[in-house]
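Residue numbers (this note's numbering): 47 to 385. See below for the structure under consideration.
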Ligand SMILES: [Mn+2]
């Protein structure tokens with residue numbers, strides 16, 4: 047089906063809706079935020095439907111905060127009041143019941159647009175899930191151009207940054223559709239703002255957390271792992287996983303961090319045929335939830351009542367499980383990164 051046809055289908059699905067609450071995944075990334083902002087624009091300008099963007103968790107990473115600020119993306123934290131006020135919901139860059147968004151399980155969303163592997167449980171009046179896309183931002187770029195609407199520089203910049211950060215500048219899990227979207231957006235982007243988003247000011251906490259992550263990093267053959275302990279910014283987990291993967295001769299990274307009452311995990315690999323998503327699902331089963339793609343994945347285990355000593359044991363078990371499934375070997379001794 048062409049994107050023009052999908053737009054007609056979308057129009058039919060939202061007909062008569064008086065307001066839609068657009069939800070990103072929790073702790074939203076640029077892919078999710080830019081996709082939400084674009085859907086909001088299309089709903090308003092093309093279908094005259096008002097919508098609001100909300101997210102569970104926080105916008106943590108400095109780049110993401112800069113993006114929201116400089117591009118004026120109107121996203122607010124989700125709360126009970128919003129959930130009660132709206133009757134129609136859209137999920138962007140996530141699917142119902144995957145554990146990484148805050149849509150209550152009792153609600154069937156009106157719209158789901160995503161690029162993660164489709165789940166059997168995913169239902170909605172309008173579904174567009176394209177697993178072969180490197181970013182949800184690519185999908186929304188196609189919608190934006192197909193809509194015939196004017197392309198605002200702020201939206202183009204948001205989508206461009208969403209797409210390039212998700213795919214590491216088209217180097218990770220990017221397909222021809224992503225390259226096309228990247229090129230079509232580029233002329234519309236605001237280059238100075240893009241640069242400011244990519245090089246934001248960083249807090250002292252950022253450097254402190256970075257130092258701790260490096261102190262706690264260990265390698266075993268082609269694997270690197272790090273335990274961050276208690277963190278204030280959940281985005282720190284995937285950030286460190288990306289960073290550690292850049293170590294020479296390493297092709298898998300696992301990072302663990304405790305945020306509020308959850309143990310968060312991020313896995314990264316440079317092996318293009320890997321299935322990191324499945325691997326993390328297996329690691330946290332049956333205690334937690336997980337998802338992802340071939341080369342990037344994440345998960346979480348709710349642990350409100352687990353005492354700290356047991357949490358440490360759980361972390362070590364996860365690390366052992368991870369190394370074993372990647373290297374097919376029992377772990378002998380980990381080597382400190384900064385030795
Ligand atoms: Mn995404």
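Cβ atoms here follow ideal geometry from the backbone N, Cα and C, with glycine treated the same way.
Item: Ligand 1 heavy atom lying under 7 Å from the CB of residue 265; Value: no
Item: Unbroken alpha helix (DSSP H) run spanning residue 368, endpoints; Value: 354-373
Item: Pairwise C-alpha distance: residue 286 and residue 280; Value: 11 Å
Item: Residue 281 Cβ short of 7 Å to ligand 1 heavy atom set; Value: no
Item: Per-residue DSSP class, three states only, for residue 104; Value: coil
Item: Span of the beta strand (DSSP E), counted from its first residue to its last, around residue 314; Value: 308-315
Item: Cβ-Cβ distance between residue 125 and residue 76 below 8 Å; Value: no
Item: Cβ neighbour criterion (16 or more within 10 Å) applied to residue 178; Value: exposed
Item: Selection from 305, 102 and 345 that minimises the alpha carbon distance to residue 313; Value: 345
Item: Beta-carbon spacing of residue 184, residue 227 below 8 Å; Value: yes
Item: Extent of the continuous alpha helix (DSSP H) to which residue 243 belongs; Value: 237-244
Item: Reference residue 61, options 90, 117 and 266, closest by Cα; Value: 90
Item: Best match in 325, 67, 336 and 315 for proximity to residue 217 [C-alpha to C-alpha]; Value: 315
Item: Backbone secondary structure at residue 377 - three-state DSSP; Value: coil
Item: heavy atom of ligand 1 below 7 Å from residue 307 C-beta; Value: no
Item: Same chain, Cβ closer than 8 Å to residue 366, five either side skipped, listed in chain order; Value: 377
Item: Closer than 6 Å to ligand 1: residues, by C-beta to nearest heavy atom, in chain order; Value: 77, 139, 161, 181, 182 and 212
Item: Residue 174 - containing alpha helix (DSSP H), residue span; Value: Element bounds for residue 174: not the alpha helix (DSSP H) but the beta strand (DSSP E), 172-175.
Item: Complete runs of the alpha helix (DSSP H) confined to the segment 110-198 [at least 4 residues]; Value: 126-131 and 182-193
Item: Residue from 269, 274 and 385 whose Cα sits closest to the Cα of residue 295; Value: 269
Item: Residues that DSSP places opposite residue 265 in a beta bridge; Value: 270 and 381
Item: Status (buried if at least 16 other CB within 10 Å, exposed otherwise) for residue 284; Value: buried
Item: For residue 205, three-class secondary structure by DSSP; Value: helix
Item: Cβ-based burial, residue 211 [other Cβ within 10 Å; buried from 16]; Value: buried
Item: Cβ shell of residue 173 (< 6 Å), same chain only, five flanking positions each side left out; Value: 158
Item: Cβ pair residue 82, residue 95 closer than 8 Å; Value: no
Item: Residue 94 (DSSP reduced to helix, strand or coil); Value: coil
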